[in-house]
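Under the working numbering, the first residue of the sequence shown carries the number 675, and numbering increases by one thereafter.
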Amino acid sequence: MSGKFSPLNIGTNGKGTTYEYALASGYAEFMERLQNNMLFRGFKNAEKHNLSKMDDCFYKRHLIEQGLALDFLYDPKESDILMETEVENQFVFLKSLFPFINTKSDAISFFKDYLMFKNCKCVPFYSEEDKGEVMLPIELILISCGSNGMASGNTKEEALIQGFCEIFERYAGSQIYNQNLTPPTIPISAFKDYPVYSIIEKLQEENRYKLIIKDCSLGKGIPVLGVLVIDEEMGKYNFNLGSALNPGVALERCLTELYQSATGLSWYDITFEQYANNPKYDESFIFSNGNKLFLDGSGNWGVCLFKEKPSYEFKGLNDILDVTDEGDISFIKSLIHGLGFRIYIRDVSFMGLNSYYIVVPGMSQFATKRKHYEVLNDTYYSLNSLRNIEHISKEELLDMCKKVNNDYQLLKMFSFNFNEMLVFHTNRDLHELKLEQLLFMLNYKAGMIKEAYWYLQEFLKNKDFGAYKYYYGIKDYVRLKLENNSDDEIKNKLSILYSDELAEIIDDVKDPDKILRYYEWPQNFNCENCALIDECCQLDLLRVVKNIQGKHQEANINHNTFIF
């Protein structure tokens, strides 16, 4: 999005073999995310039911006066259901999403005590088995499956096929990773009758890279291919999956996926390590590394890709599909039923472009163990305190710092952006503030000086002394503090190296309680006293969301008449 919202970096990537195809792909994905309520999240407090529980404040009064209070969060027909009731009514479905829950009481305990859901919001889906509408817990589905299965297209069939292919791709990849499978190699000559063959030849002629095509069907007929690209000079690799009912198109998607990232093609070390089912690595790392494979492609697949002996046999390309939509949909249904899974579809085509959210429990989700949901859960919950960081108690700050320090490496793996925990804003200083700088200040204020010093060291790694002299001065000040030097001793020792900056350095860090004072922090909806009031986009974006919800209400989508 441009204009006032540009600093928020709200947008999507597009991919394709030409600029036009890539642009169209980007627009389609934007509409897909928009209609699935994935672009503007964090407005739970603005829902009428939640707003009624909020203490009187400017934010609450303004929303009511301006008619910006939201009637719903996900769907005009959504309903709030007690967790006990939902577990009683939908235990089989919930167990298919969270296979580690064994009993109804176990499920209630997990959802209420760990995921913190006393109630759940249920929205309409089409059940392929029941041939009609069912109400399913959207928040639990999103926690389990994320955006996997969200798709849009020029026609209903095109969008649905694309959504199912995304699920196939994720499922095949997760099975390869978690089961340490070695996909068989497909000879490049198998694609000589497909248009993509010329692209492969050109890539091999123009680059020093070695391209290896992998059959990622799992030996079950799942339409997924992979391309392993090896830079033999650097000793690095890249691997990407693609799914389509036409093998040539699937291969094209592997190649365009390699360049989808805004930073271009990324390379990873060939480690010859096995990650999954390896006692050398804890479950948190195995899950986080695997999750990164599908979030942004930056995880490491491990040795399974490089073994010579495949885990199953390549049985040839399936070239009888991609002829009619009816035949393709029939194939998809048969494949999923044969694997023992059920299909649920949410129609969100309320703004004119065919868009859906497809959920196939057992295929859609990557997390399958209770331990997977422990990764970062408490840490994310404690980070909510950032919304009122200047006014939380010392105990709350200390608790947050301990949790964040413990999970710092995982936060980095997930490219955590602390601004997502705040109100929507355009404050440049906060958007440019690095996580390590923030964690230095928080730990310093909490009295955890040793940890604060460590974050400063992390921030300054590979940074030029001249360009970052002020920060190096702070680092040396903190180091001398750790060595129990008095203020006079510190001033004496730093006076020559930091003569011009010394007064500023000492003034900025001598009082830990004031370490946050040079940044403008939100006041947790106390708008009159909020330093970000002139740069806050919360209300402006809420107007956009309100307009989008109006379109959703007008569409009056009926899943009982959905045809699949």
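A virtual CB, placed ideally from N, CA and C, is assigned to each residue, including glycine.
Note that the coordinates shown come from a computational prediction; the quantities given were computed from them, not determined experimentally.
Secondary structure at residue i, three-state DSSP: helix, strand or coil?
| i | result |
| --- | --- |
| serine 935 | Reliability of the predicted coordinates at serine 935 is poor, the pLDDT of 49 falling under 50, and no value is obtained from them. |
| aspartate 1073 | helix |
| methionine 728 | coil |
| proline 750 | coil |
| serine 1160 | coil |
| valine 1033 | strand |
| leucine 915 | strand |
| leucine 1134 | helix |
| glutamate 802 | coil |
| valine 1218 | helix |
| aspartate 1208 | coil |
| isoleucine 1003 | helix |
| tyrosine 1192 | coil |
| aspartate 943 | strand |
| leucine 713 | coil |
| leucine 1109 | helix |
| glycine 900 | strand |
| glutamine 1039 | coil |
| threonine 1235 | helix |
| isoleucine 775 | coil |
| glycine 1121 | coil |
| tyrosine 1142 | coil |
| isoleucine 1180 | helix |
| threonine 930 | helix |
| serine 1067 | coil |
| asparagine 1198 | coil |
| glutamate 706 | helix |
Please identify the residue among the options whose C-alpha is closest to the C-alpha of residue i.
| i | options | result |
| --- | --- | --- |
| cysteine 819 | His1105, Gln1223, Arg1153 and Phe1040 | Phe1040 |
| tyrosine 911 | Val903, Ala696 and Leu885 | Val903 |
| isoleucine 1207 | Asn1166, Glu1194, Val1219 and Glu843 | Glu1194 |
| alanine 1205 | Leu1213, Arg1217, Arg1191 and Ser940 | Arg1191 |
| methionine 824 | Ile1003, Leu1154, Gln709 and Glu1000 | Gln709 |
| lysine 894 | Leu967, Asp1081, Tyr1030 and Ile1010 | Ile1010 |
| histidine 736 | Glu1202, Glu1209, Phe1236 and Ser1029 | Glu1202 |
| leucine 789 | Arg1044, Arg707, Glu721 and Ser826 | Arg1044 |
| glutamate 1048 | Lys966, Gly971 and Phe961 | Phe961 |
| phenylalanine 774 | Ile1063, Thr1042 and Asn1062 | Thr1042 |
| glutamate 760 | Ala918, Glu813, Asn920 and Leu713 | Glu813 |
| serine 1245 | Lys795, Gly1140, Leu713 and Thr777 | The chain is shown only over 675 to 1238; residue 1245 falls outside these bounds and no answer can be derived. |
| aspartate 1185 | Ser699, Tyr1151 and Asp749 | Tyr1151 |
| isoleucine 1017 | Gly806, Gln948 and Glu1157 | Gly806 |
| valine 1034 | Cys839, Gln1111 and Asp970 | Cys839 |
| leucine 1200 | Glu1064, Gly964 and Phe1238 | First, the residue type needs correcting, since residue 1200 is asparagine and not leucine in the sequence shown. For the residues Glu1064, Gly964 and Phe1238, the minimum Cα distance to asparagine 1200 belongs to Glu1064. |
| methionine 757 | Leu1013, Ser783 and Ser872 | Ser783 |
| cysteine 978 | Ile994, Ser958, Ala950 and Asp996 | Ala950 |
| isoleucine 1237 | Ala698, Met705, Ser863 and Leu834 | Leu834 |
| phenylalanine 1114 | Leu744, Leu1104, Trp1128 and Asn1101 | Trp1128 |
| isoleucine 674 | Glu703, Glu694, Ala696 and Tyr693 | One cannot answer for residue 674 here, as it falls past the ends of the chain, which runs 675 to 1238. |
| isoleucine 817 | Lys981, Phe772, Glu907 and Thr1100 | Phe772 |
| serine 1089 | Tyr986, Met1122 and Leu967 | Leu967 |
| phenylalanine 1133 | Leu742, Tyr1118, Ala1120 and Leu1109 | Leu1109 |
| phenylalanine 1092 | Gln1212, Gly976 and Leu1060 | Leu1060 |
| lysine 1135 | Ile1123, Lys1149 and Met1122 | Lys1149 |
| threonine 945 | Gly973, Lys884, Val1183 and Cys890 | Gly973 |
| lysine 792 | Ser917, Asn776, Pro811 and Met1074 | Pro811 |
| asparagine 992 | Glu1178, Val923 and Phe959 | Val923 |
| glutamate 1051 | Asn1028, Lys876 and Leu1085 | Correcting the residue identity first, residue 1051 is asparagine in this sequence and not glutamate. Cα-wise, what sits closest to asparagine 1051 is Leu1085. |
Given 7 angstroms as the limit, tell me if residue i has its C-beta closer than that to any heavy atom belonging to the ligand MG.
| i | result |
| --- | --- |
| glycine 922 | Of ligands this structure carries none, so the ligand MG is not represented either. |
For residue i, which residues does DSSP report across the bridge?
| i | result |
| --- | --- |
| leucine 744 | Glu721 |
| cysteine 796 | Ser753 and Pro811 |
| serine 826 | Ser1029 |
| arginine 1020 | Tyr1031 |
| aspartate 905 | Lys910 |
| histidine 1099 | Cys1210 |
Indicate whether at least one CB of chain D lies closer than 8 angstroms to the CB of residue i.
| i | result |
| --- | --- |
| phenylalanine 988 | Absent from the structure: chain D. Only one protein chain is present. |
> Which residue spans inside the segment 834-898 form an unbroken beta strand (DSSP E) run of at least 3?
Replying inline: Entirely contained in the segment 834-898, the beta strand (DSSP E) runs reaching 3 residues are, in chain order, 884-889.
> Between the segment 800-807 and the segment 1004-1019, are three or more C-beta pairs nearer than 8 angstroms?
Replying inline: Contact between the segment 800-807 and the segment 1004-1019 is present, because at least three Cβ pairs lie under 8 angstroms.
>> Would the segment 717-729 count as touching the segment 1224-1232 if we require 3 or more Cβ pairs under 8 angstroms?
In response: No: the two stretches stay apart, fewer than three of their Cβ pairs being nearer than 8 angstroms.
> For the 8 angstroms Cβ check, are there 3 or more pairs between the segment 996-1005 and the segment 1021-1028?
Replying inline: Touching, no, given that fewer than three Cβ pairs across the two stretches are closer than 8 angstroms.
>> Check whether the segment 1135-1151 and the segment 1168-1178 touch, using three or more Cβ-Cβ pairs below 8 angstroms as the test.
In response: Contact holds: three or more Cβ-Cβ distances are below 8 angstroms.
> Which full runs of the alpha helix (DSSP H) of 4+ residues lie inside the segment 943-1015, going along the chain?
Replying inline: Qualifying alpha helix (DSSP H) stretches, in chain order: 957-969 and 999-1012.
>> Under 8 angstroms, with one C-beta from each stretch per pair, do the segment 857-871 and the segment 969-986 reach the 3-pair mark?
In response: Counting C-beta pairs closer than 8 angstroms gives three or more between the segment 857-871 and the segment 969-986, which meets the contact rule.
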